[in-house]
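Chemist:
2 protein chains.
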Amino acid sequence: MRTEGLSINLATVREQWNLREAVEACAKRGVRAVAPWREQVAVIGLEESARVIKGHGMQVTSYCRGGFFPAPDASGRQKAIDDNKKAIDEAAAIGADCLVLVVGGLPEGSRDIAGARAMVEEGIAAVLPHARSNKVPLAIEPLHPMYAADRACVNTLAQALDLCARLGAGTGVAIDVYHLWWDPNLDAQIARAGREKRILAHHICDWLVPTRDLLLDRGMMGDGVIDLKRIRKQIEAAGYSGPQEVEILSSEWWKRPGDEVLATCIERYNSVC
Amino acid sequence: MRTEGLSINLATVREQWNLREAVEACAKRGVRAVAPWREQVAVIGLEESARVIKGHGMQVTSYCRGGFFPAPDASGRQKAIDDNKKAIDEAAAIGADCLVLVVGGLPEGSRDIAGARAMVEEGIAAVLPHARSNKVPLAIEPLHPMYAADRACVNTLAQALDLCARLGAGTGVAIDVYHLWWDPNLDAQIARAGREKRILAHHICDWLVPTRDLLLDRGMMGDGVIDLKRIRKQIEAAGYSGPQEVEILSSEWWKRPGDEVLATCIERYNSVC
Chain A
1 MRTEGLSINL ATVREQWNLR EAVEACAKRG VRAVAPWREQ VAVIGLEESA
51 RVIKGHGMQV TSYCRGGFFP APDASGRQKA IDDNKKAIDE AAAIGADCLV
101 LVVGGLPEGS RDIAGARAMV EEGIAAVLPH ARSNKVPLAI EPLHPMYAAD
151 RACVNTLAQA LDLCARLGAG TGVAIDVYHL WWDPNLDAQI ARAGREKRIL
201 AHHICDWLVP TRDLLLDRGM MGDGVIDLKR IRKQIEAAGY SGPQEVEILS
251 SEWWKRPGDE VLATCIERYN SVC
Chain B
1 MRTEGLSINL ATVREQWNLR EAVEACAKRG VRAVAPWREQ VAVIGLEESA
51 RVIKGHGMQV TSYCRGGFFP APDASGRQKA IDDNKKAIDE AAAIGADCLV
101 LVVGGLPEGS RDIAGARAMV EEGIAAVLPH ARSNKVPLAI EPLHPMYAAD
151 RACVNTLAQA LDLCARLGAG TGVAIDVYHL WWDPNLDAQI ARAGREKRIL
201 AHHICDWLVP TRDLLLDRGM MGDGVIDLKR IRKQIEAAGY SGPQEVEILS
251 SEWWKRPGDE VLATCIERYN SVC
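Chains A and B supply the protein sequences, listed in that same order.
If you read the first sequence in the numbering used here, its first letter stands for residue 1, the second for the next number, and so on.
If you read the second sequence in the numbering used here, its first letter stands for residue 1, the second for the next number, and so on.
1) Just the chain B side, please: which residues come within less than 7 Å of Lys-209 of chain A by C-beta, in chain order?
2) Less than 7 Å between the C-beta atoms of Leu-99 of chain B and Ile-81 of chain B, yes or no?
3) Hey, quick one: how far does the alpha helix (DSSP H) through Gly-258 of chain A stretch, first residue to last?
4) Measure from the C-beta of Val-225 of chain B to each C-beta in chain A and report whether the shortest distance is under 7 Å.
5) Across the stretch 184–202 of chain B and the stretch 223–238 of chain B, are there enough close Cβ pairs to call them in contact, namely three or more that are closer than 8 Å?
6) Check whether the Cβ of Asn-270 of chain A lies closer than 7 Å to any Cβ atom in chain B.
7) Using alpha carbons as the reference points, say which of B:Ala-92, B:Glu-252 and B:Glu-108 lies closest to Val-50 of chain B.
8) Going by Cα to Cα distance, which pick from B:Arg-111, B:Leu-186 and B:Arg-166 is closest to Asp-206 of chain A?
9) Taking Cβ positions, are Thr-12 of chain A and Val-177 of chain A nearer each other than 7 Å?
10) If you count every other CB in all the chains shown that lies within 10 Å of the CB of Pro-72 of chain B, and 16 or more means buried, which is it?
11) Taking DSSP as the reference, what is the three-state secondary structure of Val-102 of chain A?
12) Determine, using beta carbons only, whether Gln-159 of chain B comes closer than 7 Å to chain A.
13) Quick one: which chain B residues come within Cβ less than 9 Å of Tyr-248 of chain A?
14) Who are the neighbours of Asn-155 of chain A on chain B, taking C-beta pairs under 9 Å?
15) Can you tell me which residues form a DSSP beta bridge with Val-330 of chain B?
16) Check this for me: beta carbons of Phe-69 of chain B and Val-102 of chain B, under 7 Å apart or not?
17) Taking C-beta pairs closer than 7 Å, name the residues in chain B that Arg-111 of chain A reaches, listed in chain order.
18) Does Ser-241 of chain B pass the burial test, meaning 16 or more other C-beta atoms within 10 Å, or should it be called exposed?
19) Using DSSP's beta-bridge definition, name the partner residues of Cys-64 of chain A.
20) Using three-state DSSP, classify Asn-84 of chain B as helix, strand or coil.
21) Could you give the first and the last residue of the continuous beta strand (DSSP E) run that contains Ile-8 of chain A?
22) Can you find the residues in the same chain that come closer than 7 Å, C-beta to C-beta, to Leu-161 of chain A, ignoring five residues on each side of it along the sequence?
23) Within the same chain, show all residues whose beta-carbon is closer than 7 Å to that of Ala-149 of chain A, passing over the 5 residues directly before and after it, in chain order.
24) Gln-78 of chain A to Ser-271 of chain B, Cα distance in whole Å?
25) Under 7 Å, CB to CB, which of the residues in the stretch 88–109 of chain A have a partner in chain B?
26) So the beta strand (DSSP E) Glu-245 of chain B belongs to, where does it begin and stop?
27) Anything in chain D within Cβ reach of Leu-214 of chain B, meaning under 7 Å, just list it in chain order.
28) By Cβ distance below 7 Å, which residues in the same chain neighbour Leu-208 of chain A in space, the five residues on each side in sequence not counted?
29) Which residue comes first and which comes last in the alpha helix (DSSP H) that contains His-130 of chain B?
30) If you draw a straight line from the alpha carbon of Glu-4 of chain B to that of Thr-61 of chain B, how long is it in whole angstroms?
31) Where does the unbroken alpha helix (DSSP H) through Cys-153 of chain A begin, and where does it stop?
32) Excluding sequence positions up to five away, which residues of its chain have a Cβ less than 8 Å from the Cβ of Leu-46 of chain B?
33) Mind checking Ser-75 of chain A: buried by the 16 CB within 10 Å criterion, or exposed?
34) Just reading off the alpha helix (DSSP H) that Glu-47 of chain A is part of, what are its end residues?
35) Kindly indicate which three-state DSSP category Gln-59 of chain B falls into: helix, strand or coil?
36) Return the residue from the list A:Asn-134, A:Gln-40, A:Leu-6 and A:Glu-141 that minimises the CA-CA distance to Gln-159 of chain A.
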């Protein structure tokens, strides 16, 4: 089965394998791209992570994740900026195509979403020179509106692209179908993202009906209602031909053997993506 | 405490009281507006419901609900149209200001959200003459994107207003803060809704952090992160001065005595809305 153009976000098997085991399992099945999380890198160390990933000739489609810029006070925001710079360094060290930014929601106790959005913009602007000099593009990931309060107050592709337009070179977007499939402006904004050369990553999974949990009930491709092939066609028409990165945060799939999850990802990538 | 300008959507106390009991409890506390659901009307009958509501001189800010237009086949869609006409008749009989439309999501087995949206538009167009001749405005309620698959594929105020613009007289929008608070275009679209004379209802509750259930974990005003006063100001600036209708679907609040829920609604209406 085809594995070219497929990337596995290692959160998909985070409960089954550590980074080394996951990369080895991917390599064994012919998968040539992965996307690790900082937490996974921390477990075996940055140097060893880079060695394992490069040793298997793996493309790193995303490094997850920076962001979470809003905070109630200036020192909290500075702490976030410092931590994002560290994330940029790590992304550079493992040779990631981009650092994904889950930008953060409302600061604790706040109801000011416009204010949170301003903090996000300031935070990204503050780390952008460091990202540019390390040649790590920042992939702003618009998250589903159900995460606006506590994870990301950037919630549509249009909003993320407006942000990129203001911030300039070195910024782009991660298009995750789970977050964006419902948007009536999706097609137009994917085309715009292509014209503006902002597409840095394409993440896939599926939206289940019913969805039982806001965070950990993402579906395997084909098990939900997202028209994955149609969206992929739009993304390719917009000029992006990079890998489709499978990112499934699911308490259900985490219960199954890693090999089964990986085999299913490959199978569904071939049949429905 | 002020009760003028407050309406209670009777779903808020649906597990505690039937329609008669709920209306009597509202009247006793000086609340002069309610919004009943069809299921509640059905329990005691349409005639008796109208008698109780009119007997207490209650304004009916919404009748809940029509919609659910998409279906896999033409006969299913016709059935929805027929049922919506019946809902219009009921809304007229109880003297409702509008019939709220929760438009419906994807037909079973479908991944075609653009197709579902077309079915919604066709369905509303099919019932609109009946609504006009009965003088029942149709309030399209954009629902939060987390309901796009199974409840409503109209998910932003802009999308609802575009729909109204195509459908014409007799259509408008219900602005529910729970569904729309996250939208970066909210202010602009509220202003547009005012200019286009489309605001038919203003629903309030709150978005809790964390939200534990996609459907039945709406918050009491003040318990979440929505800046209710700010949004109300925008809506009034857009020319709408009708009641704020409290609609809380919450397995938590349904466990408490109806009187406590009602008293809390009134208190929070005075303090945070």
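Even for Gly, the Cβ is constructed at its ideal location relative to N, Cα and C.
Modeler: Looking at the coordinates:
1) The residue labelled residue 209 of chain A in the question sits at position 209 within the first sequence. Looking at the sequence provided, one finds Val at residue 209 of chain A rather than Lys. Those within 7 Å of Val-209 of chain A in chain B are Ala-149 and Asp-150.
2) Reading the second sequence from its first residue, position 99 is the one you call residue 99 of chain B. Reading the second sequence from its first residue, position 81 is the one you call residue 81 of chain B. No; because the gap between Cβ atoms is not below 7 Å, this pair is not in contact.
3) Within the first sequence, numbered from 1, the residue matching residue 258 of chain A stands at position 258. Taken as a continuous stretch (DSSP letters only), the alpha helix (DSSP H) holding Gly-258 of chain A covers 258–272.
4) Position 225 of the second sequence holds residue 225 of chain B. Yes, contact with chain A.
5) yes
6) Start at 1 with the first residue of the first sequence, and residue 270 of chain A comes out as number 270. Not an interface residue.
7) Looking up residue 50 of chain B in the second sequence gives position 50. Just to set this straight, residue 50 of chain B is Ala in the shown sequence, not Val. Taking Ala-50 of chain B as reference, the option from B:Ala-92, B:Glu-252 and B:Glu-108 with the minimal CA-CA separation is B:Ala-92.
8) Here residue 206 of chain A refers to the residue found at position 206 when the first sequence is read from its first residue. The shortest C-alpha separation from Asp-206 of chain A is found at B:Arg-111.
9) Here residue 12 of chain A refers to the residue found at position 12 of the first sequence. Here residue 177 of chain A refers to the residue found at position 177 of the first sequence. It is not a contact, given that the beta carbons lie outside the stated cut-off.
10) Your numbering for residue 72 of chain B matches position 72 in the second sequence. Exposed, because fewer than 16 other Cβ atoms sit within 10 Å of the Cβ of Pro-72 of chain B.
11) Taking the first sequence and counting its residues from 1, the one referred to as residue 102 of chain A is at position 102. It is a strand residue.
12) By 1-based counting over the second sequence, the position of residue 159 of chain B is 159. So yes, Gln-159 of chain B belongs to the interface.
13) Here residue 248 of chain A corresponds to residue number 248 of the first sequence, with the count starting at 1. Inspection of the sequence shows that residue 248 of chain A is occupied by Ile rather than by Tyr. Near Ile-248 of chain A there are no residues of chain B at all, since even the closest Cβ is about 17 Å away, more than 9 Å.
14) For the purposes of this step, residue 155 of chain A is identified with residue 155 of the first sequence, where counting begins at 1. Going along chain B in sequence order, the residues near Asn-155 of chain A (Cβ under 9 Å) are Pro-145, Trp-182, Asp-183 and Pro-184.
15) Here chain B has residues from 1 to 273 only, and residue 330 of chain B is not among them.
16) Stepping through the second sequence from its first residue, residue 69 of chain B is reached at position 69. Stepping through the second sequence from its first residue, residue 102 of chain B is reached at position 102. No, the pair does not count as a contact, with Cβ atoms beyond the cut-off.
17) Mapped onto the first sequence, residue 111 of chain A falls at position 111. In chain order: Val-225, Ile-226 and Asp-227.
18) The residue given as residue 241 of chain B occupies position 241 in the second sequence. With fewer than 16 other Cβ atoms within 10 Å, it is exposed.
19) Working through the first sequence from its first residue, we reach residue 64 of chain A at position 64. The partner list for Cys-64 of chain A (beta bridge, DSSP) reads A:Trp-37 and A:Val-100.
20) Numbered from 1 along the second sequence, position 84 holds the residue referred to as residue 84 of chain B. Helix.
21) In the first sequence, the residue the question calls residue 8 of chain A occupies position 8. Its beta strand (DSSP E) spans residues 6–9.
22) Counting from one through the first sequence, the residue named residue 161 of chain A turns up at place 161. The answer, listed in chain order, is Val-173, Gln-189, Arg-192, Ala-193, Glu-196 and Arg-198.
23) Looking up residue 149 of chain A in the first sequence gives position 149. Only Gly-105 and Leu-106 meet the Cβ criterion.
24) The residue given as residue 78 of chain A occupies position 78 in the first sequence. The residue given as residue 271 of chain B occupies position 271 in the second sequence. Each residue's alpha carbon lies about 35 Å from the other.
25) Leu-106
26) Locating residue 245 of chain B in the second sequence gives position 245, where the first residue counts as 1. Segment 244–246, the beta strand (DSSP E) holding Glu-245 of chain B.
27) No chain D is part of this structure, whose protein chains are labelled A and B.
28) What you label residue 208 of chain A is simply residue 208 of the first sequence in a count that begins at 1. Correct list, in chain order: Asp-217, Gly-219, Asp-223 and Gly-224.
29) The residue you call residue 130 of chain B lines up with position 130 of the second sequence. Unbroken alpha helix (DSSP H) run through His-130 of chain B: 113–133.
30) Looking up residue 4 of chain B in the second sequence gives position 4. Looking up residue 61 of chain B in the second sequence gives position 61. The straight-line gap from Cα to Cα measures roughly 13 Å.
31) For this step, residue 153 of chain A is matched to residue 153 along the first sequence. From DSSP, Cys-153 of chain A is part of no alpha helix (DSSP H); its letter is neither H nor E.
32) Taking the first residue of the second sequence as position 1, residue 46 of chain B is located at position 46. If we look at Leu-46 of chain B and ignore the five residues flanking it on each side, its Cβ neighbours are Glu-90, Ala-93 and Ile-94.
33) Along the first sequence, read from residue 1 onward, the residue named residue 75 of chain A stands at position 75. The residue in question, Ser-75 of chain A, is exposed, as its Cβ has fewer than 16 Cβ neighbours within 10 Å.
34) As a first step, residue 47 of chain A must be located in the first sequence, where it is residue number 47. First-last of the alpha helix (DSSP H) with Glu-47 of chain A: 46–55.
35) Position 59 of the second sequence, counted from the start, is the residue given in the question as residue 59 of chain B. Strand, per DSSP.
36) Counting from one through the first sequence, the residue named residue 159 of chain A turns up at place 159. The shortest Cα separation from Gln-159 of chain A among A:Asn-134, A:Gln-40, A:Leu-6 and A:Glu-141 belongs to A:Glu-141.
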